[in-house]
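Chains as they are written, first to last, in our numbering: chain A, 1 to 102; chain B, 1 to 200; chain C, 1 to 330; chain D, 1 to 635. Where a beta carbon is used, it is the ideal one built from N, C-alpha and C, also for glycine. Structure record follows, encoded as structure tokens.
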């Protein structure tokens with residue numbers, strides 16, 4: 001994968017991770033509660049780590065871009081930051097709340 | 001406001017093809033709308049399944065034969081479809097006409113098979129929520145086959161009329177083949193959901 | 001037939017006095033108190049933020065401008081200031097979110113509640129089931145829940161028709177009653193009193209008149225109340241009440257209502273076995289008096305338009321007797 | 001070059017006056033009724049859309065006054081429960097589906113092609129069709145309301161209350177089918193805007209030079225495209241449950257009542273941002289013009305638009321915090337709802353920074369923007385409150401939420417919209433709105449709004465639920481309710497004055513020059529109102545502010561003048577790719593809309609309408625697309 005491709009795809013990862021985490025949050029608490037395994041917390045932490053890696057990957061190199069490309073990469077970096085923030089708040093929820101609570 | 005001319009566009013082609021055409025993007029946007037709709041219908045199916053004590057509700061799993069035949073037929077139809085797209089790009093009127101006739105027939109055939117698919121579900125839409133979602137998913141996809149078929153038929157007529165030999169028409173044919181690819185592609189997850197998820 | 005003149009209806013309506021308190025800012029239940037603390041914290045922080053933003057806005061538009069508008073240094077300074085503001089936002093938001101999560105932990109339904117009560121929403125009243133406990137058999141009542149003070153009470157919330165929402169703000173936040181599902185809610189009154197609540201999810205024509213009273217009382221009083229409620233209806237002694245009972249059984253009333261210990265065993269409407277002991281009738285619409293009972297029975301559709309109780313034609317003597325009977329069902 | 005090309009008539013052949021005459025001959029809609037019914041000019045359709053949307057705003061406003069009349073006193077009997085339920089349902093449905101979304105899209109229909117420097121919107125006939133569908137949907141709702149069969153199940157139409165068992169008659173079907181109308185028109189406009197922004201930008205307008213309003217409409221259009229299918233699935237399932245006995249929402253047969261809420265809010269929450277994001281674009285445009293400098297933090301603004309747009313799809317459960325889902329799952333939505341405060345805050349900070357660094361000129365549009373910031377920050381902060389699960393269990397479905405979303409929607413969208421109307425009125429009509437009246441309008445609406453809606457926060461915390469047609473005298477709410485009802489008169493007076501000003505100025509206001517505010521975006525590089533072809537020569541863009549240096553606007557030539565021709569450019573860099581013809585006027589979109597209307601309304605009564613009703617629709621569509629031997633067809 002070229003560095004250019006990496007820069008763009010890496011930034012999609014936090015976004016997808018957040019979308020996936022949000023969906024899982026609707027499904028896994030039921031399983032957690034029945035099986036007594038913290039699936040939600042595990043999934044949430046995993047997705048948080050993945051999205052931080054994605055974020056870091058995109059910052060590998062920024063040379064050799066046109067003005068418009070640089071703009072796009074920078075904008076998506078900021079966007080990805082917002083999703084990492086949302087994911088970390090979701091992670092905090094899995095630490096603090098009981099999956100059985102309705 | 002005054003202006004100073006710095007760019008002459010006269011040498012540009014008078015009609016854009018592929019990503020340079022508006023209708024290509026328009027088709028893509030409508031595919032995004034309908035693709036979201038298909039995806040949501042699958043989500044509804046899985047949601048209802050997650051609530052049900054057993055699945056399918058009050059019915060056995062659907063018979064595989066009609067649906068699988070239809071899936072095979074749809075996949076096979078991709079071959080002439082891809083050829084048609086190529087001929088439309090080359091603006092080869094004769095081959096495009098032949099391709100459109102073939103694709104019209106390949107649009108009618110799945111509709112006939114679809115008629116056998118509904119009874120193969122062993123449930124009616126008004127029996128329970130499983131029947132409702134199954135019929136709606138099949139109906140939703142049938143509408144798309146039907147719409148594409150009508151479009152193909154109209155294009156076939158056009159290509160045999162004096163309006164046919166025109167880059168714009170070839171562009172329409174090429175968008176139509178893209179849409180058929182989409183109709184086939186969206187069927188695959190629906191097929192998996194309708195026929196194989198109840199067997200898990 | 002208009003058995004009751006409109007004047008009487010308006011006096012009855014105006015005279016109803018059972019308000020209880022119905023306010024999230026006057027909490028007397030443990031969950032409501034937790035939430036009120038959160039409300040106060042968030043509101044104070046948000047007010048400070050708003051005042052700060054307004055201060056900056058005011059300065060930004062009104063400050064004197066004698067320097068040249070654009071120079072690269074001020075652009076850089078703007079970036080620093082805006083970045084700092086965003087960073088502050090992130091920290092405050094994270095803090096509020098964590099505070100919210102902690103409060104959520106405090107309002108869950110405990111697994112070992114002292115008492116479990118089933119509340120079933122109906123268009124437009126509350127059906128309430130107490131399970132049998134010890135010597136007291138289970139019983140049914142309507143629109144009024146009694147709970148012992150200082151104990152965890154688990155409400156099981158169900159619905160037979162549309163979605164309703166159980167909300168007694170002084171005791172706890174609200175929770176929906178969804179047909180086909182069973183939800184739970186923790187009530188724990190910290191001091192005795194009558195707490196009013198009402199349906200919070202739009203449920204049709206009489207959504208506005210679907211109130212519920214929660215009476216929190218000392219454990220001994222509660223036990224006495226439960227024992228009385230679990231018994232059959234008193235047999236009327238006064239002549240008008242005796243006559244009223246006969247009319248009640250003969251007219252369509254008995255087809256919809258149950259009066260335990262009699263032949264009336266309808267299940268469409270509220271159980272009337274101890275209606276005279278309840279503070280209100282028609283889901284908090286009016287205080288229970290002989291006059292309000294008469295007004296209600298004579299013309300329920302004027303008092304609560306669209307409700308499911310039909311107007312049963314009665315002579316004025318019949319009406320008085322039935323009202324007397326109802327009032328006697330303590 | 002083929003001989004055919006030689007016969008084509010190019011703009012290079014004429015002087016300015018002759019060029020404009022020939023362009024007008026090709027592009028101008030012919031006068032008369034047929035011309036009006038078959039026009040595809042985005043400016044005419046845009047104006048029509050805006051006007052219709054404001055008519056619906058006025059009608060919806062009248063309904064709110066009726067509600068305030070009823071609620072001013074306890075146990076009032078002006079309006080019975082049945083009519084009241086119709087009124088609040090119609091008010092909500094009307095304001096969301098017939099006013100807020102269409103008016104924002106309408107502004108885009110008018111402005112986006114001008115701001116990106118092209119001659120018409122993409123798919124102009126679809127645009128005409130979308131207007132007729134919107135009008136038909138609006139008429140369906142209002143005619144039903146006037147005939148006392150208006151929907152009465154709330155704008156959210158929760159099942160089972162809206163289902164076959166508890167909503168007899170056709171009221172809920174009318175609601176669901178009206179959704180179909182507005183959804184078709186909104187989707188059509190969204191597709192047009194996406195393609196216009198992607199493919200028709202002036203050469204040189206690369207992605208980092210797109211005006212913020214255009215960015216906001218691009219993001220909004222994607223939100224429409226991804227959110228509307230959810231309500232399409234939902235309303236179709238509801239109609240099927242009611243008409244042919246499916247069981248999607250019937251728990252007794254394996255369906256689920258909460259399924260409706262999931263589907264509805266998966267659409268319904270992005271809907272809020274579909275209304276709010278265009279306002280962000282409007283505010284940014286107005287702030288830039290009236291502080292005489294570009295908006296600070298273009299990159300941050302674009303980031304905020306996109307991040308908000310995506311986060312909008314992860315918030316829907318925060319409307320269901322009391323439905324009984326696991327608290328842990330709900331808290332994931334608290335997290336996302338809280339996170340959206342960061343891009344929202346960033347936007348506010350950027351506007352404040354712009355005002356700080358610039359030199360504000362206090363014309364009416366800027367007043368509305370200032371009012372917007374004051375009000376919207378409150379709405380945003382109460383949004384943080386309702387995002388918290390425990391907080392929400394107390395205020396959900398109370399007047400606190402009524403206050404909250406009016407602060408967000410009126411403060412966040414209507415204030416910027418009114419500012420935008422004052423700002424772009426010269427471009428829309430060629431005349432200026434009255435500045436003095438504008439200050440009165442702002443003053444009345446700002447004061448009236450806050451006095452009306454702020455007390456509702458308190459009412460909600462003190463226990464007053466939403467959607468009640470009356471309350472009992474012993475509840476301590478009557479004083480505030482009376483106060484609110486009186487304040488609503490002030491608010492209504494402000495709107496009345498605005499309508500009077502708009503009608504009067506459209507006829508007799510001061511004539512506007514091409515660029516009365518000294519603005520820097522392309523719509524001001526052409527006369528007010530613009531000619532039918534928008535630009536005589538296509539403008540070129542070399543910065544975020546294409547008419548900053550306003551002596552000369554670089555221009556491109558070489559398009560044909562004997563057919564409607566546009567320039568197609570590439571998505572990222574906006575480099576010229578092709579010339580393309582744009583459809584001429586046609587009556588077929590109207591026929592197609594009429595045929596669709598008949599099929600949709602008929603299908604409320606019989607499922608066979610879908611079969612038989614689609615035949616005229618197909619005929620109309622074939623008529624629409626069949627080539628007609630006009631220059632637009634050759635290439």
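Could you tell me whether the Cβ atoms of residue 33 of chain C and residue 107 of chain C are closer together than 8 Å? With respect to residue 107 of chain C, residue 33 of chain C sits apart: the two C-beta atoms are not nearer than 8 Å.
Classify residue 308 of chain D: buried if its beta carbon has 16 or more other beta carbons within 10 angstroms, exposed otherwise. With 16 or more Cβ atoms within 10 Å of its Cβ, residue 308 of chain D is classed as buried.
Going along chain C in order, which residues have a C-beta closer than 8 Å to the C-beta of residue 36 of chain A? Result: empty, since nearest Cβ-Cβ is about 14 Å, beyond 8 Å.
Status (buried if at least 16 other CB within 10 Å, exposed otherwise) for residue 4 of chain D: Annotation note: pLDDT 46 at residue 4 of chain D (below 50); position unreliable, coordinate value reported separately. That one is exposed.
Would you identify the three-state DSSP class for residue 127 of chain B, choosing helix, strand or coil? Correct three-state label for residue 127 of chain B: coil.
Is there a Cβ from chain A that is less than 8 Å from the Cβ of residue 87 of chain C? By this cut-off, residue 87 of chain C is not an interface position.
Quick check on residue 86 of chain B - is its C-beta less than 8 Å from some C-beta in chain D? Chain D contact via Cβ: absent.
Going by alpha carbons, who is nearest to residue 238 of chain C out of C/231, C/232, C/246? Selected option, being the one with the closest Cα: C/246.
Any beta carbon of chain D sitting closer than 8 Å to that of residue 122 of chain C? No - not a single Cβ of chain D is within 8 Å of the one on residue 122 of chain C.
Cβ closer than 8 Å: which chain A residues qualify as neighbours of residue 102 of chain C? When 8 Å is used as the limit between beta carbons, residue 102 of chain C is near these residues of chain A: 96, in chain order.
Run the CB neighbour count on residue 111 of chain C, radius 10 Å, all protein chains shown included, and call it buried at 16 or more, exposed below. With fewer than 16 other Cβ atoms within 10 Å, it is exposed.
Throw me the rounded Cβ distance for the residue 38 of chain B and residue 186 of chain B pair, which I believe falls under 8 Å. The pair is a contact, with the Cβ atoms about 5 Å apart (cut-off 8 Å).
Quick one: does residue 639 of chain D have its CB under 8 Å from some CB of chain B? It is not possible to answer for residue 639 of chain D, since the shown part of chain D is limited to 1 through 635.
Compare the C-beta of residue 197 of chain D against all C-beta atoms of chain A and say whether one is closer than 8 Å. Contact of residue 197 of chain D with chain A is not assigned, every C-beta pair being separated by 8 Å or more.
Pairs of beta-carbons, one from the segment 290-306 of chain D and one from the segment 343-360 of chain D, closer than 8 Å: are there three or more? The segment 290-306 of chain D makes contact with the segment 343-360 of chain D, as at least three CB pairs between them are under 8 Å.
Would you grab the beta carbon distance between residue 91 of chain D and residue 63 of chain D for me? Rounded to a whole angstrom, and I think it's under 8 Å. With a Cβ gap of about 4 Å, residue 91 of chain D and residue 63 of chain D count as contacting.
May I ask which residues mark the beginning and end of the beta strand (DSSP E) holding residue 130 of chain C? Residue range 125-130 is occupied by the beta strand (DSSP E) that includes residue 130 of chain C.
Using beta-carbon positions only, say whether residue 290 of chain D and residue 361 of chain D come within less than 8 Å of one another. Yes, Cβ-Cβ distance for residue 290 of chain D and residue 361 of chain D is below 8 Å.
To be precise: take each residue of the segment 140-154 of chain B, compare its Cβ to all Cβ atoms of chain D, and keep it if any distance is under 8 Å. Which residues remain? Here the close residues are 150, 154.
Determine the chain A residues that contact residue 105 of chain C at a beta-carbon separation under 8 Å, and present them in chain order. Simply 96, 97, 98, 101.
The segment 133-163 of chain C: which residues have C-beta closer than 9 Å to a C-beta of chain A, in chain order? Of all residues in the segment 133-163 of chain C, none has a Cβ within less than 9 Å of some Cβ in chain A.
I need the straight-line Cα distance from residue 118 of chain C to residue 37 of chain A, nearest angstrom please. Between residue 118 of chain C and residue 37 of chain A, the C-alpha separation is close to 31 Å.
Boundaries of the alpha helix (DSSP H) in which residue 195 of chain C is found, first to last residue: Under the DSSP assignment, residue 195 of chain C falls outside any alpha helix (DSSP H), being part of the beta strand (DSSP E) whose first and last residues are 193-198.
Are at least three pairs of beta-carbons, each pair with one atom in the segment 43-60 of chain C and one in the segment 205-214 of chain C, less than 8 Å apart? No, they do not touch.
Beta strand (DSSP E) segments (min. 3 residues) lying fully within the segment 21-66 of chain D: Runs of the beta strand (DSSP E) inside the segment 21-66 of chain D: none found.
Can at least three beta-carbon pairs, one atom from the segment 150-162 of chain D and one from the segment 612-626 of chain D, be found at a separation below 8 Å? With a cut-off of 8 Å, the segment 612-626 of chain D and the segment 150-162 of chain D do not count as touching, because too few Cβ pairs lie within range.
Assuming residue 57 of chain B and residue 120 of chain B make a contact with CB atoms under 8 Å, what is their CB distance in whole Å? No, residue 57 of chain B and residue 120 of chain B are not in contact; Cβ-Cβ is about 17 Å, not under 8 Å.
Extent of the continuous beta strand (DSSP E) to which residue 154 of chain C belongs: Segment 153-159, the beta strand (DSSP E) holding residue 154 of chain C.
Is residue 2 of chain C close to chain D, meaning its C-beta is less than 8 Å from at least one C-beta of that chain? Interpretation of residue 2 of chain C is limited by its pLDDT of 39, a score under 50 that renders its predicted location unreliable; the figure taken from the coordinates is listed afterwards. The Cβ of residue 2 of chain C sits no closer than 8 Å to any Cβ of chain D.
Taking only three categories from DSSP, how would you classify residue 143 of chain C? In this structure, residue 143 of chain C counts as coil in the three-state DSSP scheme.
At what residue ranges does the segment 297-331 of chain D contain a whole run of the alpha helix (DSSP H), taking only runs of 4 or more? Segments of the alpha helix (DSSP H) lying fully in the segment 297-331 of chain D: 298-311.
Distance check for residue 618 of chain D and residue 124 of chain B, CA to CA, integer angstroms please. So the alpha carbons of these two residues sit roughly 29 Å apart.
Check whether the segment 277-295 of chain C touches the segment 88-108 of chain C, counting contact only when three or more Cβ pairs, one atom from each stretch, lie closer than 8 Å. Contact fails: fewer than three Cβ-Cβ distances are below 8 Å.
Take residue 145 of chain D and list the residues in its own chain whose beta-carbon comes closer than 7 Å to its own, dropping the five residues that flank it on each side. The residues are 86, 90.
For residue 108 of chain B, the three-state DSSP class (helix, strand or coil): Three-state DSSP puts residue 108 of chain B in a helix.
Are the C-beta atoms of residue 326 of chain D and some chain A residue less than 8 Å apart? Output row for residue 326 of chain D: interface = yes.
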